[in-house]
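Residue numbers (our numbering): 4 to 162.
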Ligand SMILES: Cc1cc2nc3c(=O)[nH]c(=O)nc-3n(C[C@H](O)[C@H](O)[C@H](O)COP(=O)(O)O)c2cc1C
């Protein structure tokens, strides 16, 4: 099995979850690559128009069995950076897709749920098939359990 993680993270929360997942995948023998999604010239957090965000390169993920997409929630939506990246990169032909978002508030109805639904739709527009999704509520006292659950479940999925 081979997987690619495409991760947008500004302040490190989403990346920290991805790093733990990466380590566990590799530990379990799943060949995994983590690609940070970063706009040209760095991120302008005030830019909310995905049409104005540009990237140097796009990763072709057709040769991977699984693609993991992660991003922060921005104003009850997925991050404009990942939205822009997905809409300007090519179709997704083969891989199965696992998606997650991190958000500040303690409950998923405070932004996480709407953002993950949006991310799912964006993946499906590109022909990708979402096999699972997760929301990490950063201020929820059970955050650590949420992350551990995601790691355990997705390790079983990609095996
Ligand atoms: C402009 C902006 C808007 C945000 N909007 C929300 C929101 O609607 N709901 C929420 O729970 N968190 C919101 N957040 C907080 C981030 O989603 C949260 O801190 C996330 O974990 C950051 O991920 P990162 O460290 O990977 O960048 C917002 C943050 C920023 C900068």
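Idealized CB from N, CA, C, for every residue including glycine.
- Message: By the DSSP assignment, the alpha helix (DSSP H) with residue 83 in it spans what residues?
- Response: From DSSP, the alpha helix (DSSP H) with residue 83 extends over 83-91.
- Task: Take residue 7 as the anchor and find which of 52, 54, 97 has the nearest alpha-carbon.
- Result: Nearest of 52, 54, 97 to residue 7, Cα basis: 97.
- Message: Excluding the 5 residues flanking residue 64 on each side, which residues of the same chain have their C-beta closer than 7 Å to its C-beta?
- Response: Cβ contact annotation for residue 64 (same chain, cutoff 7 Å, sequence separation greater than five): 7, 70, 95, 98, in chain order.
- Task: Find out if the Cβ-Cβ distance for the pair residue 41, residue 84 is shorter than 9 Å.
- Result: In this structure, residue 84 lies closer than 9 Å to residue 41 by Cβ.
- Query: CB-CB under 7 Å to residue 27, same chain, minus the five flanking residues each way: which ones, in chain order?
  - Reply: Around residue 27: 154, 158.
- Message: Can you tell me whether residue 159 is helix, strand or coil according to DSSP?
- Response: Residue state, collapsed to three classes: helix.
- Task: Report all residues from its chain with a CB closer than 7 Å to the CB of residue 53; omit the five preceding and five following residues, and keep chain order.
- Result: Close CB contacts of residue 53 within its chain, under the 7 Å cut and outside five residues either way in sequence, are with 83, 86, 87, 90 (chain order).
- Task: Return the chain-ordered list of same chain residues with a C-beta closer than 8 Å to the C-beta of residue 148, the five sequence neighbours on each side being excluded.
- Result: Counting only Cβ-Cβ distances below 8 Å, and skipping sequence neighbours, we find nothing.
- Message: residue 103 and residue 137 - do their beta-carbons sit closer together than 9 Å?
- Response: Yes, Cβ-Cβ distance for residue 137 and residue 103 is below 9 Å.
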